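Participant:
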Amino acid sequence: KDATFSRIRELSLSYDFRSDALTSMTGLQSLTLTGTGRNLFAWYKELVGVDPGVNVGGIQTGSGLDYFANPSTKSFLFSLSANF
8 KDATFSRIRE LSLSYDFRSD ALTSMTGLQS LTLTGTGRNL FAWYKELVGV
58 DPGVNVGGIQ TGSGLDYFAN PSTKSFLFSL SANF
């Protein structure tokens, strides 16, 4: 089977809040909100359900052998940075 795949490994989005109103109300020069997601989605041509990034026994068995192994987990991270 064709094992061609594409994946969104990591995606980050940030937004900077900078305004005179923010500075006068809070004393902050800027505020940055960031959201990050990992292992969000994968598109497979024919090998549906197989994760090529996971293998069963570690490095010695080679990539793509994922029977009885857990798939890559999705994770989400949010952060807030304040500059005074």
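Per the numbering used here, the sequence shown runs over residues 8 to 91. All residues carry an ideal CB built from backbone N, CA and C; glycine is no exception. Note that the coordinates shown come from a computational prediction; the quantities given were computed from them, not determined experimentally.
Can you look up leucine 54 in the DSSP assignment and give me helix, strand or coil?
Facilitator: Here residue 54 refers to the residue found at position 47 of the sequence shown. Reduced to three states, the DSSP call for leucine 54 is coil.
Participant: What are the partner residues of leucine 29, as DSSP defines its beta bridges?
Facilitator: Working through the sequence shown from its first residue, we reach residue 29 at position 22. In the DSSP output, where bridge partners are listed per residue, leucine 29 has none listed.
Participant: Within a Cβ cutoff of 6 Å, which residues of the same chain sit near arginine 45, ignoring the five residues on either side of it in sequence?
Facilitator: Here residue 45 refers to the residue found at position 38 when the sequence shown is read from its first residue. Closer than 6 Å at Cβ, skipping near neighbours: Glu17 and Ser82.
Participant: Do you know whose CA, among Ile15, Thr43 and Asp27, lies nearest tryptophan 50's CA?
Facilitator: Sequence index remark: in the sequence shown, residue 50 carries index 43 (1-based). Here the closest residue by C-alpha is Ile15.
Participant: The beta strand (DSSP E) that contains alanine 89, what's its start and end?
Facilitator: Along the sequence shown, read from residue 1 onward, the residue named residue 89 stands at position 82. Note, alanine 89: beta strand (DSSP E), 82-90.
Participant: Would you mind reading off the limits of the beta strand (DSSP E) that contains serine 79?
Facilitator: By 1-based counting over the sequence shown, the position of residue 79 is 72. Neither: serine 79 is in no beta strand (DSSP E) and is coded neither H nor E.
Participant: Any idea what DSSP makes of threonine 11, helix, strand or coil?
Facilitator: Position 4 of the sequence shown, counted from the first residue, corresponds to residue 11. Here threonine 11 sits in coil by DSSP.
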